[in-house]
Amino acid sequence: MLPTSQPTLAPSPSLAELNDRAREIFRQIVDAYLASGAPVGSRTLSKGGGLGLSPASIRNVMQDLEELGLLAAPHTSAGRLPTDLGLRMFVDGMMQAAEPTEDERAALEAGLAPGVAMEEALTRTTAALSGLSQCAGLVMVPGRELIIRQVSFVPLSPQRALVVLVGADGTVENRLLDLPPGVLPATLEAAANYITARLAGLTLAEAMVRLETEIARDRATLDRLTEAAVSAGLAVWSSDAAARPVLIVRGQAHLIEGEVDMERVRQLLDDLEDKAELIRLLENARGADATRIFIGAESRLFSLSGSSVIASPYRGRDGRVIGVVGVIGPTRLNYARVIPMVDYTARTLSRLVS
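For the sequence shown, this note's numbering assigns the number 927 to the initial residue and increments by one for each residue that follows.
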């Protein structure tokens, strides 16, 4: 069963509006275009399509398909290309999906070995998906609360220190911290010891609440400067950790391979630099029950570059959406192979990450 999607373009003509001849000619044009990227002419279909029709008869059908908005004729060629609307109808109603092979499934699961830190596992999986699909792979993890395992302070100057936080999942993050006046290296060491001993196992938000409670009840056993260092060390993360999604993009080089329209590639690479818009696009896939497909102008972000985005949410053990995984590539990609691959990756992440 094909994943569902919700296009933003005008509704595509239904397959019921096409007779058998028109449906077969349309299918062959799309298949040939996805394979070659070149416009498909009536003479080519007449010779090799097994249709038993003359070029003139095929041209008449192609004209009808063009009037329906399913095909377009580039001004430099007598052949036809499928429009975004045509690709949408093909993907939703005509495509025969091909499930990932055993080797492809193994490659997608390889990065999720036990003991691998979450972000590293997601990075590896995204890279594997990119390599297999020959698209740019991406994964978005919404802002998350780290669980504290250990904190250390590295003095850089009397006014600044580097705070190193190790999360329970092995994630390591660094922040620069402006120190209150009078804080000495020994004070920082005491602050690190307190956090690791008393606040490990808590999220940053929980640690802030615990600290405030212990100080209010006079149970923190901290002097004024150590208390200030502990508070500052926690606050340097909690102010933005939950609000900033982690976005991983891998395999942009695949977008250049074999591409002759370098202006389109330049536009696409520029689009990928707009992380805020890309995150907004992926957020649209978070609420979907299955894989979402955005073809060309269906996505405002990638309409100029003529690109497609295939994205699927993955979930934790409680069924709640954790993030989104997917690929970005040209509208001329192998949807029948790539859509099931993205779907399988999301299901694998849901099974192994939770």
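Cβ atoms here follow ideal geometry from the backbone N, Cα and C, with glycine treated the same way.
Whole angstroms is fine: what's the gap from residue i's alpha carbon to residue j's?
i, j, result
"A998", "L1088", "58 Å"
"L1114", "A1039", "36 Å"
"T1027", "G1222", "28 Å"
"N1119", "R1101", "18 Å"
"S1225", "I1182", "21 Å"
"T1147", "G1242", "39 Å"
"N1210", "D946", "35 Å"
"A1123", "A1047", "28 Å"
"L1110", "R1143", "26 Å"
"G1213", "E1035", "24 Å"
"L971", "A1024", "25 Å"
"A1155", "D1187", "55 Å"
"D1200", "L1227", "9 Å"
"C1061", "F952", "25 Å"
"A1004", "L960", "18 Å"
"T1274", "V1264", "15 Å"
"L941", "D1010", "16 Å"
"L1103", "S962", "55 Å"
"S1276", "K973", "48 Å"
"G1252", "E1189", "24 Å"
"D957", "Q1022", "11 Å"
"A1112", "F1079", "10 Å"
"Y1240", "L979", "47 Å"
"Q989", "G1255", "29 Å"
"A1168", "L1072", "Residue confidence for A1168 is low, a pLDDT of 49 falling below 50, so the modelled location carries little weight; the figure read from the coordinates is stated next. So the alpha carbons of these two residues sit roughly 9 Å apart."
"L1151", "P1107", "9 Å"
"P1000", "L991", "15 Å"
"A1126", "G1245", "27 Å"
"T1049", "I1074", "22 Å"
"I1121", "G1041", "24 Å"
"M927", "G1019", "Annotation note: pLDDT 37 at M927 (below 50); position unreliable, no value reported."
"A1094", "R1192", "40 Å"
"V1135", "L1055", "41 Å"
"M1015", "T1051", "30 Å"
"L1091", "S1083", "19 Å"
What does residue i pair with, by DSSP beta-bridge criteria?
i, result
"E1099", "L1091"
"A1282", "Any question about residue 1282 goes unanswered here, given that the chain covers just 927 to 1280."
"T1129", "I1073"
"L1007", "A998"
"D1104", "R1086"
"V1135", "Paired residues: none, contrary to the question."
"V1247", "R1241"
"V1268", "None, per the DSSP bridge assignment."
"V966", "R1006"
Does the Cβ-Cβ distance between residue i and residue j come in under 8 Å?
i, j, result
"G1177", "A1053", "yes"
"L1173", "L1204", "yes"
"L1013", "T1217", "no"
"L1105", "Q1085", "yes"
"L1195", "S1233", "no"
"M1267", "E943", "no"
"M1066", "V1250", "yes"
"G891", "A1043", "Residue 891 lies beyond the stretch modelled for the chain, which goes from 927 to 1280, so this question has no answer here."
"S1157", "L1137", "yes"
"Q954", "G967", "no"
"S1238", "A1202", "no"
"V1017", "Y1261", "yes"
"A1133", "L1160", "yes"
"L994", "E950", "no"
"D1235", "L1198", "The displayed chain sequence assigns Val, not Asp, to residue 1235. Against a cut-off of 8 Å, the Cβ pair of L1198 and V1235 comes out as no contact."
"R1006", "P965", "yes"
Kindly indicate if chain D contains any beta-carbon less than 8 Å away from that of residue i.
i, result
"A1211", "The chain labelled as chain D is not found in the depicted structure, where only one protein chain is given."
*Where are the beta strand (DSSP E) runs, 3 residues long or more, that stay fully inside the stretch 1034-1090, in chain order?*
Listed in chain order, the complete beta strand (DSSP E) runs (minimum 3 residues) inside the stretch 1034-1090 are 1062-1067, 1074-1083.
*4-residue-minimum alpha helix (DSSP H) runs that sit fully inside the stretch 1147-1212, ordered along the chain*: 1150-1164, 1188-1199, 1201-1212, all fully within the stretch 1147-1212.
*Along the chain, which unbroken stretches of the alpha helix (DSSP H) at least 4 residues long are found entirely within the stretch 936-964?*
Entirely contained in the stretch 936-964, the alpha helix (DSSP H) runs reaching 4 residues are, in chain order, 946-962.
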